[in-house]
Structure formats: C-alpha cells, structure tokens
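Below is one structure, written out as structure tokens; comments come after it.
Numbering (the numbering used here), first residue to last: 56 to 141.
Structure representation (structure tokens):
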C-alpha cells in the first residue's frame, strides 16, 4: 500500500488507526510529516518504537482522538488507514 501513496516530500500524512505503524513505516521513506493515532495501547507503543528506529520523534503518534470525542484541529494532505487491520 505504501507504494501507491503518492506523497511528496514536505506533505503531511495522518493515519487515524495507525496500529503498529505499518503505513507509517512505508510513508517515512517519502520524507513526509507523519501523524497517527491508535486506540490499542500496545500497538501505539510499537508504532512509537518504529518512529524512534527511524530517528523520528514519536510525539505525533497519540492515543485515538476518535474514541475520546475530540476533533482534529489540524489539516493533513493525506489521510489513510487500513481497518480492520490497523
């Protein structure tokens, strides 16, 4: 899936159900600004570890906004997820 995403350097990407960071691992190669959220705490930790392994700050990977009733206050160039696997 990461191969079909036409993200350009400098664009922003958000995965609202990032799981263990599979899309994030692929999209990192395009040098885009990564953000993600995940409901499952263990998967959230794995996703953050993948960010660290790629020398990126995991600060943009957060607990799921959608289960808390929060609205995103940021715009993204690309929003993509892989439910129910994420």
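Think of the CB as a built atom: it goes at the ideal place given N, C-alpha and C, for glycine as much as any other residue. In this text, all values refer to a predicted model and were calculated from it rather than measured experimentally.
Would you identify the three-state DSSP class for residue i, choosing helix, strand or coil?
i           : result
residue 102 : helix
residue 118 : strand
residue 70  : strand
residue 142 : Residue 142 cannot be examined here, being either before or after the span of the chain that is shown, 56 to 141.
When the cut-off is 8 Å and only beta carbons count, does residue i lie next to chain B?
i           : result
residue 113 : The structure shown contains no chain B; it holds only a single protein chain.
Which residues share a DSSP beta bridge with residue i?
i          : result
residue 77 : Residue 77 pairs with nothing; no bridge assigned.
residue 88 : 67
Please return the same chain residues whose Cβ sits closer than 6 Å to the Cβ of residue i, not counting the five positions on each side in sequence.
i          : result
residue 75 : 98, 101 and 102
residue 66 : 87 and 132
My guess is that residue i and residue j are in contact by the Cβ rule of under 8 Å, so how many angstroms apart are they, rounded?
i           : j           : result
residue 115 : residue 134 : Rounded, the Cβ-Cβ distance is 14 Å, inconsistent with contact.
residue 83  : residue 70  : That pair is no contact at about 12 Å.
residue 77  : residue 130 : Incorrect: roughly 24 Å between the Cβ atoms, too far for contact.
Cutting at 8 Å between CB atoms, please list the residues of its own chain near residue i, excluding the five before and the five after it.
i           : result
residue 107 : 113
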